[in-house]
Amino acid sequence: MDNVFVEALVRALAVGTPLLLASLGAILNERGGVVNLGVEGMMAVGALAAFAVAVAPGGNLWLAVLAAAAAGALLASLHALATVTLRANQFVSGLALALLGTGAAGLLGKRYEGAPLFNKVPDWNLAGFVISPFTVFALLLAGALAFYLNSTRSGLTLRSVGENPAAADVLGVNVGRVRTLAVLAGGALAGVAGAFLALSYRASWADNMTAGLGWIAVALVIFVGWRPLRAILGALFFGVLYYLQFRLQGNSPIPTEVFSAMPFVLVLVVLALAGLRGQQGDAPAGLGRAYVRGER
Amino acid sequence: MRFTALSAPSAARAAWVTLAAVVVALLLCALIFVFYGVSPGTVYGTMLRGTLGDSTGLAEVARRTIPLLLIGSGLALAFRAQFFNIGAEGQVLLGAVFAAGTALFLPLPGVLLLPAMFIMGAVGGGLWAGIAAWLRRLNVNEILSTLMLNYIAVAVVTYLIAGPWKGKEVRGYIYTDLFPENGFLDVIPGTQVHWPTLVLGVAGALTLQWVLSRSTFGYALRVVGENPGAARYAGLSAGRVATTVALITGGMAGLAGAGEVAGIHHRLLEAGQISLGYGFTAVIVAWLARGNPALCLITAPVMAIILAGGDLLKIDLNMPFRVVDVFSGVILLCLISSEVFIRNRVTWGTARPAGSKANG
Chain A
0 MDNVFVEALV
10 RALAVGTPLL
20 LASLGAILNE
30 RGGVVNLGVE
40 GMMAVGALAA
50 FAVAVAPGGN
60 LWLAVLAAAA
70 AGALLASLHA
80 LATVTLRANQ
90 FVSGLALALL
100 GTGAAGLLGK
110 RYEGAPLFNK
120 VPDWNLAGFV
130 ISPFTVFALL
140 LAGALAFYLN
150 STRSGLTLRS
160 VGENPAAADV
170 LGVNVGRVRT
180 LAVLAGGALA
190 GVAGAFLALS
200 YRASWADNMT
210 AGLGWIAVAL
220 VIFVGWRPLR
230 AILGALFFGV
240 LYYLQFRLQG
250 NSPIPTEVFS
260 AMPFVLVLVV
270 LALAGLRGQQ
280 GDAPAGLGRA
290 YVRGER
Chain B
0 MRFTALSAPS
10 AARAAWVTLA
20 AVVVALLLCA
30 LIFVFYGVSP
40 GTVYGTMLRG
50 TLGDSTGLAE
60 VARRTIPLLL
70 IGSGLALAFR
80 AQFFNIGAEG
90 QVLLGAVFAA
100 GTALFLPLPG
110 VLLLPAMFIM
120 GAVGGGLWAG
130 IAAWLRRLNV
140 NEILSTLMLN
150 YIAVAVVTYL
160 IAGPWKGKEV
170 RGYIYTDLFP
180 ENGFLDVIPG
190 TQVHWPTLVL
200 GVAGALTLQW
210 VLSRSTFGYA
220 LRVVGENPGA
230 ARYAGLSAGR
240 VATTVALITG
250 GMAGLAGAGE
260 VAGIHHRLLE
270 AGQISLGYGF
280 TAVIVAWLAR
290 GNPALCLITA
300 PVMAIILAGG
310 DLLKIDLNMP
320 FRVVDVFSGV
330 ILLCLISSEV
340 FIRNRVTWGT
350 ARPAGSKANG
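Those protein sequences? They're chains A and B, same order as listed.
According to numbering that gives the first Met the number 0, the stretch in the first sequence is residues 0 to 295, in order.
According to numbering that gives the first Met the number 0, the stretch in the second sequence is residues 0 to 359, in order.
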């Protein structure tokens, strides 16, 4: 009985890890006022970059994670250029980057399909819990990010840029620079989420290995009201659902398609609940809008 | 870089900026092909020769133009109302499901079957988009909801063709039995161009253009899209406009789904075979047309070349079909990024004269 519970928790934490990493990144850039719907694409290129570096001759796992972060940030830099500098629609830009990221990863990653990864990131054994270092990092990061946003001067500046860019501008904050850095950081974290998939969770490369996790991370941000610590619970919640899907598949009279659709149905339910509870009111007031000096 | 707003951007300016954006997009894609290890010249050459070079290629382009035209003209309308429907893919699938259900299970006299399939297809697509419109009233962003509905639609199709609708004569495969022959749509001989759907698409695009520019509803739609504040002041309900637009857009996508199964496959089959990403490609069709349904008559064939070309790259150069997503993503990104150059004059430099809209 005890064992089943522990197994469920460990598995939920594992599936929840990329969700947590990616949604922490999205929380960061959304608190700065930029919506990022490109998370799925940034995860995909992160996974590919990590895998490519890890299997390269002399490939090093630290370098692989770094490459994933860089790849995510590179794709995010296009998002920053489009939305911050050229004031393009943030939602559509994110969508375009999701397409570009998953497409480019699928195209460039074809040669790695089915290749084995011999030096998978080793799990840690913490008091009987077998856990990925990525998971530990994600949990610590959630705490650090909460502290950063609530208790540091730089975090306050970031939030002010998301809430009221015009006021921040008057106070001498470079809105464009803050937003760009936040978008880059968000992309880097999405890339690391992809690295977890490629180096630890699946330890292989396959096209579409992100399988919609990026989109769930985007929805998770709304569900947890843009709060890093709550994101831990949100990621765990979806992790448990994935675990149930895995456990019940094949052992129940319910058709498999119900399970494959379940995460997405739940995202809709969760978003509707967040909407009913008025949680969208927690969104940074400047979210989704380009800042143009002299307007509004 | 400094932007100075133009009071009345001309159509010519829009045209050349759009063209420039597409050129930049093709150059960026070329860079990715170099990384992949094929010369961009080979890629673009293969695509052009195989699509516009001969009659078979042209027929392949026409075949893909049909769904893109139907979906794209609907999306053009939706984007004008600021309803960002990204779920046309799912709406196409539900249209195909409803049309297939009609063909397989409704005992209709022969002549009525095809019209019924198309009507039910529109209903299916409209319902699927309607869910997103309803969720929007609960403050759920429609980009997220329509996207999630895509994934769910795929599961619905897979469930039906592997479960209750699985054909009796198909053994190991997962698809339904063939429709009765009255449910087969005419094609231009020797091709897969189901021309009645093409006619429907042309008529639809022209009708929607008329609705947008001439009707009272079109006026309300434009006001809601361009100036939500003024719309509220004038007593126009943004929610109602969004719902109507969702139903029209979803209905058009549903028609496309019905056309694909009635015109080409004659059965319900796997989601990836019904739609080759038409829903996403149509987003670009609509954006290229700058929200004018009639202009989709030009932009749908353009994007159809990319879809048909993607197929050729898969066959001739053994590239993954994902290459189409790369094209779509880059073109879309360049299009929306270029919009600022339509509405503003750009000067380079860091000086900020008073009153100008500078961007740090």
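Beta carbons are placed, not taken as given, at the ideal position from N, Cα and C, and that holds for glycine.
Per DSSP, reduced to three states, the secondary structure at I253(A) is coil, with no helix or strand assignment. Counting only residues of its own chain and dropping the five nearest sequence neighbours on each side, A104(A) has a CB closer than 8 Å to the CB of G40, A43, V44, A46, L47, D206.
For the segment 95-125 of chain B, there are no residues whose beta carbon sits under 7 Å from a beta carbon of chain A.
When I341(B), W347(B), T346(B) are compared, the shortest CA-CA separation from L5(B) is found for I341(B).
Under DSSP, A4(B) takes part in a beta bridge, and its partners are N343(B). Taking the CA atoms as reference points, V223(B) sits about 58 Å from G57(A).
Per DSSP, the continuous alpha helix (DSSP H) segment holding L92(B) begins and ends at 87-104. Cα atoms of V257(A) and A154(B): separation of roughly 7 Å, rounded to the nearest angstrom.
For L275(A), the number of other beta carbons within 10 angstroms of its own is below 16, and it is reported as exposed.
By the Cβ-count criterion, I314(B) is exposed, with fewer than 16 other Cβ atoms from all chains shown falling within 10 Å of its own Cβ.
Against chain A, the CB of G71(B) has no partner CB under 7 Å away; the residue lies outside that interface.
The Cβ of E29(A) sits no closer than 7 Å to any Cβ of chain B. Chain order gives no chain B residues near R178(A), where near means a beta carbon separation below 9 Å; the closest approach is about 10 Å. Chain-ordered, the chain B residues with CB closer than 9 Å to the CB of S92(A) read L331, L332, I335, S336.
In the pairwise beta carbon analysis, the segment 87-99 of chain B is classified as touching the segment 114-132 of chain B: at least three pairs are separated by under 8 Å. By the neighbour-count criterion, in which a residue is buried when 16 or more other Cβ atoms sit within 10 angstroms of its Cβ, W164(B) is buried. L125(A): not part of any alpha helix (DSSP H); member of the beta strand (DSSP E) spanning 123-125, first to last residue.
Residues of the segment 182-206 of chain A that bring their beta carbon within less than 8 Å of a beta carbon in chain B comprise D206, in sequence order. Closest by C-alpha distance to E112(A), out of A284(A), A7(A), A197(A), is A197(A). Of all residues in the segment 301-325 of chain B, only M318, P319, R321, V322, V323, D324, V325 place a beta-carbon less than 8 Å from a beta-carbon of chain A. For V169(A), the closest Cβ of chain B is not nearer than 7 Å. What K109(A) touches in chain B, judged by beta-carbon distance under 7 Å, is P319, going in chain order. Annotation: the continuous beta strand (DSSP E) that includes F128(A) extends over 128-130.
At least one CB atom of chain A sits nearer than 7 Å to the CB of S327(B). Check the Cα spacing between W286(B) and each of A51(A), W204(A), S92(A): the tightest is with S92(A).
Short of 6 Å from the beta carbon of I305(B), and not among the five residues preceding or following it, lie these beta carbons of its own chain, in chain order: F326.
By the neighbour-count criterion, in which 16 or more other beta carbons inside 10 Å mark a residue as buried, D185(B) falls on the exposed side. Within the segment 235-268 of chain A, contact with chain B at the beta-carbon level (separation under 7 Å) is assigned to P254, E256, S259, A260, F263, V264, V266, L267. In this structure the segment 11-18 of chain A does not touch the segment 154-168 of chain A; the number of beta carbon pairs closer than 8 Å is below three. Within the segment 145-165 of chain B, the residues whose Cβ lies closer than 7 Å to any Cβ of chain A are, in chain order, L146, M147, Y150, I151, A154, T157, Y158, G162. Within the same chain, Cβ atoms closer than 6 Å to the Cβ of G249(B) are found at Q90, G124, G125, W127, A128, the five residues on either side in sequence being excluded.
Close to N88(A), with beta-carbon spacing below 9 Å, are these residues of chain B in chain order: F83, I335, E338. For L146(B), the closest C-alpha among the options I160(B), I85(B), T17(B) is that of I85(B).
By the C-beta criterion, the segment 181-190 of chain A is judged to be in contact with the segment 59-77 of chain A, since at least 3 inter-stretch pairs fall below 8 Å. Of F128(A), I221(A), V264(A), the smallest CA-CA separation from V3(A) is found for F128(A).
Closest in alpha carbon position to Q81(B), among L332(B), V192(B), A219(B), is A219(B).
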